[in-house]
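A quick write-up on the structure given underneath.
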Amino acid sequence: MTQSERDRFHNLLLMANESPFEGERRNALKAAERMAKRHGLTLEEAARTGGAAFQQFSSQQAKSRPPRESSEAETAVRERTFAKMAKFIRNAEVRARSEKARHEEALKAAYGRGLDAEERRREERKTARDFQTPKNSRRRNPIVHARVLIRETRLPISEIASICDLDVYTVAGLKLKMRCTQKDDV
Numbered sequence: 017m018t019q020s021e022r023d024r025f026h027n028l029l030l031m032a033n034e035s036p037f038e039g040e041r042r043n044a045l046k047a048a049e050r051m052a053k054r055h056g057l058t059l060e061e062a063a064r065t066g067g068a069a070f071q072q073f074s075s076q077q078a079k080s081r082p083p084r085e086s087s088e089a090e091t092a093v094r095e096r097t098f099a100k101m102a103k104f105i106r107n108a109e110v111r112a113r114s115e116k117a118r119h120e121e122a123l124k125a126a127y128g129r130g131l132d133a134e135e136r137r138r139e140e141r142k143t144a145r146d147f148q149t150p151k152n153s154r155r156r157n158p159i160v161h162a163r164v165l166i167r168e169t170r171l172p173i174s175e176i177a178s179i180c181d182l183d184v185y186t187v188a189g190l191k192l193k194m195r196c197t198q199k200d201d202v
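Position one of the sequence shown corresponds to residue 17 (my numbering), numbered consecutively onward.
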């Protein structure tokens, strides 16, 4: 991994730790996880090693640049920072899991006490009503109705189709068939 990628990983972890915005922290954390995953590491392993595990220099890069020597103080600071990041990430994951479990448990308890029971029944009745089409015994057969409209009016086929709740092609077929029967009668 190049120095710029290591810096980016480090900056993502810093942002995940210090950002005042939840969404920004979450996105930075996900980006750091993807970067670590790309190199076959977990986020904690990558944070613990300070990105050193990412280093996969080719032989040319290793020969062309001498390795940078950092002081012991820099190394200690980097290790402490990455340890803090790993702890923060671990705590965030634990908080999220516990919050989800607490929410699900509260929801189960509320349903057990009968909370929202009337509202759920109302919703079930409403969805059941949506699936039922009202039956009107006085309603005419749509094909017969379309034939009457074709014979007695000059409405366009699309209008007749929408009135009778039929397909345009069905109405056109009826009109053509009616024309054929009229020719045979004459």
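Backbone N, C-alpha and C define an ideal beta-carbon position, used for all residues, glycine too.
Because the structure is a prediction, the values reported are computed rather than measured.
Candidates Arg138, Leu45, Glu21: which alpha carbon is nearest leucine 30's? For the purposes of this step, residue 30 is identified with residue 14 of the sequence shown, where counting begins at 1. With distances taken between Cα atoms, leucine 30 lies closest to Leu45.
Quick one: measure Cβ to Cβ for alanine 108 and arginine 64, integer angstroms, because I've assumed they're closer than 8 Å. In the sequence shown, the residue the question calls residue 108 occupies position 92. In the sequence shown, the residue the question calls residue 64 occupies position 48. So it is not a contact: roughly 17 Å between Cβ atoms.
Roughly how far, in whole angstroms, is the beta-carbon of isoleucine 105 from the beta-carbon of leucine 59, given that I think they are within contact range, below 8 Å? Here the question's residue 105 lines up with position 89 in the sequence shown. Here the question's residue 59 lines up with position 43 in the sequence shown. With 8 Å as the limit, isoleucine 105 and leucine 59 qualify as a contact, their Cβ atoms being about 6 Å apart.
Going by other Cβ atoms of all chains shown within 10 Å of its Cβ, with 16 needed for buried, is phenylalanine 25 buried or exposed? Taking the sequence shown and counting its residues from 1, one reaches residue 25 at position 9. With 16 or more other Cβ atoms within 10 Å, it is buried.
Cβ-based burial, valine 160 [other Cβ within 10 Å; buried from 16]: Stepping through the sequence shown from its first residue, residue 160 is reached at position 144. Exposed, by the Cβ-count rule.
For lysine 79, does the count of other Cβ atoms within 10 angstroms reach 16, so buried, or fall short, so exposed? Residue mapping note: residue 79 aligns to position 63 of the sequence shown, counting from 1. Legend: pLDDT at lysine 79 = 49, less than 50; position of this residue unreliable, no value from coordinates given.
Nearest to proline 172 by CA position, among Ala188, Met51, Ala126, is which residue? Walking along the sequence shown from the start, residue 172 turns up at place 156. That would be Ala188, whose Cα lies nearest to the Cα of proline 172.
Exposed unless 16 or more other CB atoms sit within 10 angstroms - verdict on alanine 194: Position 178 of the sequence shown, counted from the start, is the residue given in the question as residue 194. According to the sequence displayed, residue 194 carries methionine and not alanine. Under this definition methionine 194 is an exposed residue.
Which two residues bound the contiguous alpha helix (DSSP H) that contains histidine 26? In the sequence shown, counting from the first residue as 1, residue 26 sits at position 10. Its alpha helix (DSSP H) spans residues 19 to 34.
Using the C-alpha atoms, what's the distance from arginine 96 back to aspartate 23? The residue labelled residue 23 in the question sits at position 7 within the sequence shown. The residue labelled residue 96 in the question sits at position 80 within the sequence shown. Those two C-alpha atoms are separated by around 16 Å.
Quick check on the DSSP output: the alpha helix (DSSP H) that includes serine 178 runs from which residue to which? Numbered from its first residue, the sequence shown carries residue 178 at position 162. Where serine 178 is concerned, the enclosing alpha helix (DSSP H) stretches over 173 to 180.
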